[in-house]
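Read through the structure below, which is laid out as structure tokens, and then see the notes.
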Amino acid sequence: MEWAVSNLPIITYHPEDSRAVGIRRQRTKSKGWKAFVVHAGVKKELPKDIKVKDVDEAIALSLLD
Numbered sequence: 022m023e024w025a026v027s028n029l030p031i032i033t034y035h036p037e038d039s040r041a042v043g044i045r046r047q048r049t050k051s052k053g054w055k056a057f058v059v060h061a062g063v064k065k066e067l068p069k070d071i072k073v074k075d076v077d078e079a080i081a082l083s084l085l086d
């Protein structure tokens, strides 16, 4: 159970509306992967210099603003 909770794609909850902010990975046409920070239907692509495992609350919220 602990493993499942720690591997949820939810990073934090947005301070303005308490909706989840999470990570989503999407397959590309060239069979690669892109990572996005997602909040309420808004997707922002994660820059190449930031790894998915390094994304925390501050990084996620700064990408959405």
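Numbers given in this note's numbering equal positions in the sequence shown, counted from 1, plus 21. Beta carbons: idealized from backbone N, C-alpha and C, even for Gly. Keep in mind the model is a prediction, meaning the values are calculated, not measured.
Start-to-end residues for the beta strand (DSSP E) that takes in residue i
i, result
"I32", "I31 to Y34"
"I44", "A41 to R48"
"E37", "First-last for E37: undefined, no H or E at that position."
"V56", "According to the sequence as given, residue 56 is Ala; it is not Val. Segment W54 to H60, the beta strand (DSSP E) holding A56."
"K64", "V63 to E66"
Status (buried if at least 16 other CB within 10 Å, exposed otherwise) for residue i
i, result
"A81", "buried"
"V59", "buried"
Neighbourhood of residue i by C-beta, 8 angstroms cutoff - its chain only, sequence neighbours within 5 removed
i, result
"I71", "I80"
"P30", "G43, I44 and R45"
Limits of the alpha helix (DSSP H) - the one that residue i falls within
i, result
"S78", "For the record, residue 78 in the displayed sequence is Glu; it is not Ser. Note, E78: alpha helix (DSSP H), E78 to L85."
Residues of its chain near residue i, where Cβ-Cβ distance is below 7 angstroms and the 5 sequence neighbours each way are ignored
i, result
"V63", "L85"
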